[in-house]
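A quick write-up on the structure given underneath.
Numbering (the numbering used here), first residue to last: 7 to 404.
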């Protein structure tokens, strides 16, 4: 074991709790030492944490890692992929009159906007803040224009929020295990930064993840996370439609899909599902019918998530790339071309279909972000309430 102090990460998603411990070397590169994964069975009930079960599960798995490393953890970094985040974008400004943009100007705008958000979202807490747009005299700047001269500076921030009650419960289950939460990172954010690392030519894109029972869309604009939305449906809808319309049980449908018969570009009108998939109860069902049922649902999913989503309308003119991640590999193997087609229909460029993100690279990226941050993240100077001086400064600057 390394002599360096290990760091503990825990990911909470809808099906698993993943525990990872590792070390940073002298160059602050992270190496994974131990990993354990547990099911979320009995962890959630009706989308809410079952506190006693969650506390016990965390205790059990952390003790396993502590025993292997001969180390007692006091802190933990959380990766969230379960609790819904909401986002809000808000702008502030400073009249310059041909003076320089100072660091103090930007800090003031940031903290004023943070106070405005916390005052209006009293039931939520801030997870992330991003510098989503900086405009100096109507010119968008790639970086904060500290030291530049101008007449008018506008700064837009995007805040990602979590419900206070969710945050309270998360803190409680770790505090009961003597673990202080050092940082909470949204998993969609980590995954999008991984995509940028792989393809630096694209820093503006959609990332759409379709799991079995849920989906999400993230919008990254010039390396800043601008929007995130979750949906309570996934690829299981495709199976439900086929089951309902064709009167097939899920076992038979899965047998059919395992054979990858829908990966062909053209199915003949009279092609039937083979007898081998049925248990002495053969029924004549056209392959093309099943394909058309699935295609109709994929198109609907693409419309709901992106093309007819009122929340993404304002971003769609800016988009130059779209990534689609399909979690269910059987669905992906059969209907890959259909997902590409329907998620590309209103875009100039074809969508790129990806397999699900691997666990270890994601935790290594999370470790990097927890140390170095992200270039478009904004770190506010904490202010807990509006003092008289704050109100006076606000009047002067605005």
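C-beta: ideal position from N, C-alpha, C; glycine also.
Excluding sequence positions up to five away, which residues of its chain have a Cβ less than 6 Å from the Cβ of residue i?
i           : result
residue 360 : 329 and 331
residue 404 : Low per-residue confidence applies at residue 404: pLDDT is 44, beneath 50, and the placement is therefore not dependable, though the value from the model is reported in the following sentence. Excluding sequence neighbours, residue 404 sits near nothing in its chain.
residue 166 : 91, 93, 133 and 134
residue 227 : 210
residue 237 : 221
residue 70  : 42
residue 396 : The pLDDT assigned to residue 396 is 49, lower than 50, so where the model puts this residue is not dependable; a value taken from the coordinates is nonetheless given after this. The answer is none, since no qualifying residue turns up.
residue 195 : 231
residue 141 : 160
So which of the options has the shortest CA-CA distance to residue i?
i           : options               : result
residue 152 : 105, 183 and 131      : 105
residue 91  : 135, 99, 246 and 335  : 135
residue 148 : 28, 71, 225 and 209   : 209
residue 81  : 253, 241 and 26       : 26
residue 3   : 47, 279, 41 and 83    : What the structure shows of the chain is the stretch from 7 to 404, and residue 3 is not part of that stretch, so it cannot be assessed.
residue 197 : 265, 215, 186 and 381 : 215
residue 78  : 11, 101, 111 and 98   : 11
residue 206 : 84, 327 and 141       : 327
residue 320 : 189, 60 and 212       : 212
residue 300 : 108, 98 and 341       : 341
residue 362 : 382, 280 and 193      : 193
Count the other C-beta atoms from every protein chain shown that fall within 10 angstroms of the C-beta of residue i, then say buried if there are 16 or more, exposed otherwise.
i           : result
residue 302 : exposed
residue 377 : exposed
residue 232 : buried
residue 8   : Annotation note: pLDDT 45 at residue 8 (below 50); position unreliable, no value reported.
residue 199 : buried
residue 276 : exposed
residue 379 : exposed
residue 114 : buried
residue 183 : buried
residue 34  : exposed
residue 74  : exposed
residue 229 : buried
residue 137 : buried
residue 288 : exposed
residue 224 : buried
residue 5   : In the structure displayed, the chain extends from 7 to 404; residue 5 sits before or after that span and is not available.
residue 24  : buried
residue 125 : exposed
residue 76  : exposed
In the DSSP assignment, find the unbroken beta strand (DSSP E) run with residue i in it and report its ends.
i           : result
residue 16  : 13–19
residue 224 : 221–227
residue 186 : 186–192
residue 230 : 230–237
residue 157 : 155–169
residue 85  : 81–87
residue 213 : 211–216
residue 42  : 36–45
residue 103 : 92–106
residue 137 : 130–142
Residue j and residue i - do their beta-carbons sit closer together than 8 Å?
i           : j           : result
residue 169 : residue 333 : no
residue 372 : residue 116 : no
residue 179 : residue 14  : no
residue 357 : residue 346 : yes
residue 45  : residue 22  : yes
residue 18  : residue 87  : yes
residue 294 : residue 273 : yes
residue 344 : residue 269 : no
residue 317 : residue 235 : yes
residue 100 : residue 111 : yes
residue 280 : residue 348 : no
residue 16  : residue 84  : yes
residue 36  : residue 374 : yes
residue 307 : residue 252 : no
In the DSSP assignment, find the alpha helix (DSSP H) that holds residue i and state where it starts and stops.
i           : result
residue 289 : Neither: residue 289 is in no alpha helix (DSSP H) and is coded neither H nor E.
residue 57  : 57–75
residue 347 : 335–348
residue 371 : 365–378
residue 113 : 109–126
residue 306 : 293–308
residue 243 : 242–252
With a CB to CB cut of under 8 Å and the five nearest residues on each side skipped, what residues in its chain are close to residue i?
i           : result
residue 256 : 245 and 249
residue 4   : Residue 4 lies beyond the range of the chain shown here (7 to 404); nothing can be said about it.
residue 186 : 80, 81, 82 and 180
residue 123 : 94, 96, 132, 165 and 167
residue 177 : 187
residue 20  : 46, 50, 87, 88, 217, 219 and 220
Can you list, in chain order, the residues of its chain with a C-beta nearer than 7 Å to that of residue i? Leave out the 5 residues immediately preceding and following it.
i           : result
residue 390 : Legend: pLDDT at residue 390 = 40, less than 50; position of this residue unreliable, no value from coordinates given.
residue 366 : 38
residue 2   : The first residue shown for the chain is 7 and the last is 404, placing residue 2 beyond what the model contains.
residue 139 : 146 and 162
residue 292 : 277 and 278
residue 242 : 218 and 219
residue 254 : 248
Kindly examine the ligand NAD and report whether one of its heavy atoms sits closer than 7 Å to the Cβ of residue i.
i          : result
residue 96 : The ligand NAD is absent from the structure shown, which contains no ligands of any kind.
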